[in-house]
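Last residue of the sequence shown: 781 in UniProt numbering, with the numbers rising by one and none dropped. Yeah, the Cβ is synthetic: ideal placement off N, Cα and C, and Gly gets one too. Nothing here was measured: the structure is a model prediction, and the numbers come from that model.
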Amino acid sequence: MELHNKKIYPIEPWNITEDRFCMENNYRNETTFALSNGYIGTRGTFEEDYDFSVDEGLEGNFINGFYESEDIRYGEWNFGFPLKSQSLLNLPNGKPVKIYLDNELFDMRQGCLDFYQRTLNMKNGTVVRSVDWTSPKGKKIRLLFERMVSFADKNVMVQRLSLLLLNQDCEVRICSYIDADVENHTRKTNPLVDYGPFGKRITQNRCSASEELLYFEGKTKKSGLTAAFGVGHSCHGSMSFQSISAMQKDAYAELAWTYRGQRSEKLILDKFIICTSSLDMPEDSLAGFVEGKCRECTALGYDYFKEKQKDYMKAFWDIADVRIQGDEALQQGIRFNLFHIMQAAGRDGRTSLGAKGLSGEGYEGHYFWDTEMYVLPVFVYTAPKLAKKLLEYRYHTLDQARARAKVLGHETGALYPWRTINGEEASTYFPLGTAQYHINGDIAYAFQLYVDVTGDTQFLKEMGAEVLCETARVWADVGCFAESKGNKYCICAVTGPDEYNAIVDNNFYTNLMARENIRYALNALSRLKETEPEFYQEFVRRLSITDQETEYWKRIVENMYFPYDEKRKVYPLDDGFMMRKPWDDSKIPVEKRHLLYENYHPLFIYRQRMSKQADAILGMYLHSNLFTREELKRNYDFYQEVTLHHSSLSTCIFGILASEIGYHEEAYEYFSQSARMDLDDYHNNFYAGIHAANMAGTWLAIVNGFAGLRTNAGILQFNPFVPDGFEGYAFRINYRGSILEASMTKDQCTFTLISGEGIELSVNGKKIKLSEKEASCCEKI
Ligand code: BGC
1 MELHNKKIYP IEPWNITEDR FCMENNYRNE TTFALSNGYI GTRGTFEEDY
51 DFSVDEGLEG NFINGFYESE DIRYGEWNFG FPLKSQSLLN LPNGKPVKIY
101 LDNELFDMRQ GCLDFYQRTL NMKNGTVVRS VDWTSPKGKK IRLLFERMVS
151 FADKNVMVQR LSLLLLNQDC EVRICSYIDA DVENHTRKTN PLVDYGPFGK
201 RITQNRCSAS EELLYFEGKT KKSGLTAAFG VGHSCHGSMS FQSISAMQKD
251 AYAELAWTYR GQRSEKLILD KFIICTSSLD MPEDSLAGFV EGKCRECTAL
301 GYDYFKEKQK DYMKAFWDIA DVRIQGDEAL QQGIRFNLFH IMQAAGRDGR
351 TSLGAKGLSG EGYEGHYFWD TEMYVLPVFV YTAPKLAKKL LEYRYHTLDQ
401 ARARAKVLGH ETGALYPWRT INGEEASTYF PLGTAQYHIN GDIAYAFQLY
451 VDVTGDTQFL KEMGAEVLCE TARVWADVGC FAESKGNKYC ICAVTGPDEY
501 NAIVDNNFYT NLMARENIRY ALNALSRLKE TEPEFYQEFV RRLSITDQET
551 EYWKRIVENM YFPYDEKRKV YPLDDGFMMR KPWDDSKIPV EKRHLLYENY
601 HPLFIYRQRM SKQADAILGM YLHSNLFTRE ELKRNYDFYQ EVTLHHSSLS
651 TCIFGILASE IGYHEEAYEY FSQSARMDLD DYHNNFYAGI HAANMAGTWL
701 AIVNGFAGLR TNAGILQFNP FVPDGFEGYA FRINYRGSIL EASMTKDQCT
751 FTLISGEGIE LSVNGKKIKL SEKEASCCEK I
């Protein structure tokens, strides 16, 4: 296993601090310091608005769900290939503030940077930069830049600049502006795509500047969406005011203040940046909304937002924080990961969470299965309201999934897209895209998990059951009972999660998730029939579900086929896996090993017996109650040998299974590979955005791995251990409205009911009841 010891930032429990400005690391740091509230996303770029090249940095401002499309160019087109792309669009930038001291422009690359420190404060939800700077002509200033993307109001981002003159009197001129002359960096951030939103994509509707408001509104060229941005200001301090001027030219709107300042005098500029779009309201309401919001925010003031931000973070950490004793670096890593996934999640039921969150343009901002299988389980246990919103997004795009199923030849049912923003399929290489039918089973799994853990049966009735039944229908249509396989139900020509084995027959993971998906649908129907008979009648009538259909589903559940290797007694990845050529890493030059698709034809890759990422192993972890420990061990050992972990979604899952089968050292090593993967940029691609799935996977590796939490047998089960690398760890989960704290030390585990009615759990197989009266229990490890 590769060991990574290089730490980029100082180890601190709640902060990520950059204590030196270094151009080389700029692009990467823009992702580290990216902020979001699930709606607005902004990269950690500087207020000075430097004209960095495409290799040095990317100014990035996004609205979740706001995309531009382009005609996809195929060399050879086939029926059913998506025609239109969707790319998260890089939007106008309202952050800039230029500072002039007697006409000398503040620029960290010139003069002398006497002090520099930038901190992501994860307790407050802010990024703060402190700078002491001496201009080329000797003027010394102290600057403090503070920034937050508000959790209290999704349309608002707030900035404060405090400027102090340290050694001389001078004229201070400050320019704040919106720059709408922006474009995506597609060729750098998504080099494999040969289409995309190249060049400027927004046609201006209105751009204006006044003392009250800087405003820009524009419409995308192809997707027809309109976005609107406004900036309101408040400028105050002890310096003496000289003048204010507003200016607008083309796609640029500016407001500038001139002050006369003496040594030790201070000036403060607060900015309230408002973003919205026609996805939320009719186009003709945008301007009124932005103006109103701007007025409201300037009246509320900077401190109001700062307080609200802190409150939000406190409530989040109260449940979600994981405390690790004895390893401060991993402690910092896990908090960084939790912070980023929390801020990336769409919260309006209309948007989801991209593989890169809203932190960059990587993967064109698309939502994948990463959300349901990695991130959502974390929220189900720690922030169920967020989890519900992400599921609502899938419910609201069910009609597109129904239409897609038809395109793929299924008369009924819904097939969710492999990658998307607006609910339609946007993957262009179908062997690694649309063929990943397992996305249906993944989404169904997430709905079921949410209902099981929260007990929210109302949601099952309102949205869940429909998604479960419609996804099940595609499974019932895609395969058949094959005589050559003893009349078992087989699913051919799909790709499992593993992207080095494509278009295979009977992918173990897919068949397992498909079977469980159908089982969930059947269970949901029986539950509704029993508890809501009237609703049930109406539901089956509306969806035309017949007894004949559900009987067929039952036959599939009872007769699902799984590939099995008698000699090794393992479940191969798929029917053909054991026939493939054994992989020999030594034949691949080191520099090409991690970039197989860039250096080898896909067919070369698909013919080898090896695997890019956790696949069958993931299915076994999710449904570990269906396998014996011996089986899990054999399969783990087998996949351990053939898996290359070339995806960031892999190591955390192996770590969880390693924990389960008692391979504690390996579990810890895998966890260490995941916990600081982004913070220390192991893959050298953090510049393009976070790896949300892996970030979430580190929480799973602790809670489902080390603590052994499972709910798949219908009860809350723990099987904890403390890895050698830690002294102990503690976390909280929300189970059916009760908050449970689990705290592990080397020799004992303590479970405490923090709030709620009571919880039944099983610790190392022993059943325990916690209630208000007996709120705590202690067990030996
Ligand atoms: C992985 C997929 C994942 C995607 C986005 C790919 O490299 O193989 O499983 O969904 O990245 O994170």
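With DSSP run on the structure shown, which of helix, strand or coil describes residue i?
i: L255; result: strand
i: D585; result: helix
i: L165; result: strand
i: Y302; result: helix
i: C652; result: helix
i: residue 855; result: Beyond the ends of the chain as shown, which are 1 and 781, falls residue 855; an answer cannot be given.
i: H594; result: coil
i: T382; result: helix
i: F151; result: coil
i: residue 802; result: Missing from the structure shown is residue 802; the chain here goes from 1 to 781 and no further.
i: F79; result: coil
i: I274; result: strand
i: R676; result: coil
i: E361; result: coil
i: Y9; result: coil
i: T17; result: strand
i: V407; result: helix
i: C492; result: coil
i: K388; result: helix
i: R295; result: helix
i: H664; result: helix
Label residue i either buried or exposed according to how many other C-beta atoms from any shown protein chain fall within 10 Å of its C-beta, with 16 as the threshold for buried.
i: residue 789; result: Outside the modelled stretch of the chain, which goes from 1 to 781, sits residue 789, for which no answer is possible.
i: G138; result: exposed
i: T119; result: buried
i: D637; result: exposed
i: K109; result: Sequence check: residue 109 is Arg here, not Lys. Per the 10 Å Cβ criterion, exposed.
i: A713; result: exposed
i: Q548; result: exposed
i: V590; result: exposed
i: K249; result: exposed
i: A707; result: buried
i: R20; result: exposed
i: D456; result: buried
i: N487; result: exposed
i: A688; result: buried
i: R732; result: buried
i: P96; result: buried
i: K154; result: buried
i: E630; result: exposed
i: C446; result: The sequence shown places Ala at residue 446, rather than the Cys named in the question. It counts as buried.
Let me check you understand the geometry: is the CB of residue i closer than 8 angstroms to at least one non-hydrogen atom of the ligand BGC?
i: E483; result: no
i: D574; result: no
i: Y363; result: yes
i: D370; result: yes
i: P497; result: yes
i: Q613; result: yes
i: L649; result: yes
i: A693; result: yes
i: A355; result: yes
Closer than 8 angstroms: is that where the CB of residue i sits relative to any heavy atom of the ligand FAD?
i: D615; result: You won't find the ligand FAD in this model; what it holds is the ligand BGC.
My parser needs the alpha helix (DSSP H) runs of 4 or more residues fully inside the region 524-571; what are they? 533-542, 547-558
Could I get the ranges of all uninterrupted alpha helix (DSSP H) runs contained in the region 419-469, with 4 residues as the minimum, in chain order? 438-454
Suppose only complete runs of 3+ residues qualify. What are the beta strand (DSSP E) ranges in the region 611-649, listed by chain order? none
Any chance you could list the beta strand (DSSP E) runs of at least 3 consecutive residues sitting entirely within the region 23-61, in chain order? 40-42
Segments assigned beta strand (DSSP E), at least 3 residues, entirely inside the region 727-765: 728-735, 738-745, 748-755, 758-763
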